[in-house]
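Residue numbers (this note's numbering): 1347 to 1607.
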Amino acid sequence: MVSRSSDTREKAFMNQSTHQSFVPGASGALEGSRASFLRKVYLLMTAATGVAGATAAATTLLGADQGVAMRGGVMVPPAIAWSMGHPWLTFGLLMAGTFGAGAVMRRPGVNLLALFGLSGLLGFVAAPAIWYAQYSASQGTALNSSPVLSAFGLAVAGFAGLSAYAIVSKRDFSNLGGFLTMGLFVVIAAGLLNFFLASSVLSLALASVTILLFGGYTLYDTSRMLRDGETDPVPAALSQFLNLFNLFMALLRIFSGGRRD
1347 MVSRSSDTRE KAFMNQSTHQ SFVPGASGAL EGSRASFLRK VYLLMTAATG
1397 VAGATAAATT LLGADQGVAM RGGVMVPPAI AWSMGHPWLT FGLLMAGTFG
1447 AGAVMRRPGV NLLALFGLSG LLGFVAAPAI WYAQYSASQG TALNSSPVLS
1497 AFGLAVAGFA GLSAYAIVSK RDFSNLGGFL TMGLFVVIAA GLLNFFLASS
1547 VLSLALASVT ILLFGGYTLY DTSRMLRDGE TDPVPAALSQ FLNLFNLFMA
1597 LLRIFSGGRR D
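Right, here's the structure in full:
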């Protein structure tokens, strides 16, 4: 699971008068400005998802014919073998990239580079899980024969449904912020604990909780986009991309190791 830095998670709301002026439906012109903003956010998010997917595919496929033998004699692509062999270094790169991107989200131009740079890094970090999911499918231990496509399709459907609900209902989900932040820290702590315990039961439980957590963040962030008067779409695109990414990774964990014969 990828944590969300404070800059991308908790932007301050505008004062009450500004807040009210950007509520959807306040006027046709302002409603149009919010619609244009949302289009930019989701276009950037889609592009970031494409960068992450391309990086994950390249990491998984490049050098596959020159695999490295891992435990049990399983041949693993070189880049994935490196990531598996250096988990703490990979984790450090992930944390540095995440918090570094959050630190420059208020700097136009630089934040766009950070968005796509972090997307590529997350694609690299996700590659071992994607490779393992497909390997599990080839061994008949995954839930189905296409765990990656299943997880991605379900993540996109869930994300789109929750975002659409927040937009259409126009409900204010800002009250979820405190609960979501607390849940995020609990999940991160439990994930670090499970790194040492390596419990499959705890891993599946964490995946389930992560789905609920980032489903909540999707509602929260979408509601915030409609109300906070933001004009730069990059920070919102990063927040929503992280929501989708974490939903995908949690679902992938469930699909890749859930079969019990």
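By construction, the Cβ of each residue, glycine as well, lies at the ideal position given by its N, Cα and C atoms.
| field | Start and end residues, alpha helix (DSSP H) containing G1292 | value | A query on residue 1292 cannot be resolved here, the shown segment of the chain reaching from 1347 to 1607 and no further.
| So, do the stretch 1535-1550 and the stretch 1481-1497 have three or more beta carbon pairs nearer to each other than 8 Å? | no
| query | Under a three-way DSSP split, which group does M1451 fall into? | reply | coil
| task | From the DSSP output, in three-state form, read off M1416 for me. | result | coil
| said: Taking 9 Å as the threshold (C-beta atoms), are V1348 and V1471 in contact? | reply: yes
| request: Inspect the CB distances between the stretch 1568-1578 and the stretch 1528-1537 and report whether three or more fall short of 8 Å. | output: no
| message | Could you tell me the alpha carbon to alpha carbon distance between T1406 and I1557, rounded to whole angstroms? | response | 25 Å
| query | Secondary structure at M1441, three-state DSSP: helix, strand or coil? | reply | helix
| query | Could you check where the alpha helix (DSSP H) with T1568 kicks off and where it finishes? | reply | S1546 to R1573
| What did DSSP end up calling L1667 once you bin it into helix, strand or coil? | Shown here, the chain extends from 1347 to 1607; a query on residue 1667 therefore has no answer.
| query | How long is the line joining the alpha carbons of F1587 and W1428, rounded to whole angstroms? | reply | 26 Å
| message | Assuming contact is defined by CB atoms lying nearer than 9 Å, are G1448 and L1468 in contact in what I supplied? | response | no
| Any idea what DSSP makes of G1489, helix, strand or coil? | Sequence check: residue 1489 is Leu here, not Gly. L1489: coil per DSSP, three-state reduction.
| Looking only at C-alpha atoms, which of P1581, A1510 and F1601 sits nearest to L1458? | P1581
| When the distance is taken between beta carbons, is A1473 closer than 9 Å to A1394? | no
| field | Pick from L1461, A1501, Q1480 and G1499 that is closest to S1491, judged by C-alpha positions | value | Q1480
| message | Is it buried or exposed, F1519, if we count other Cβ atoms within 10 angstroms and call 16 or more buried? | response | buried
| Reference I1498, options V1422, P1423 and N1592, closest by Cα | Residue 1498 is actually Phe in this sequence, not Ile. Answer by Cα proximity: N1592.
| query | Where does G1469 fall in DSSP's three states? | reply | helix
| Residue span of the alpha helix (DSSP H) that contains T1527, given as start and end | G1523 to L1543
| query | Would you say S1602 touches the ligand GTP, meaning its beta carbon is less than 8 Å from a heavy atom? | reply | Looking at this structure, you won't find the ligand GTP or any other ligand, since it has none at all.
| Whole-angstrom C-beta distance between I1476 and A1536, which should lie under 8 Å | No, A1536 and I1476 are not in contact; Cβ-Cβ is about 23 Å, not under 8 Å.
| task | Tell whether a beta-carbon distance below 9 Å holds between P1324 and G1409. | result | Any property of residue 1324 remains undetermined from this structure, which presents the chain solely from 1347 to 1607.
| request: Please go through the same chain and pick out, in chain order, the residues whose beta-carbon is closer than 7 Å to the beta-carbon of V1450, but skip the five residues on each side of it. | output: V1456, N1457 and A1460
| Taking all protein chains shown into account, do 16 or more other C-beta atoms lie within 10 angstroms of the C-beta of T1564, making it buried, or fewer, making it exposed? | buried
| query | At what residues does the alpha helix (DSSP H) containing S1585 begin and finish? | reply | P1579 to S1602
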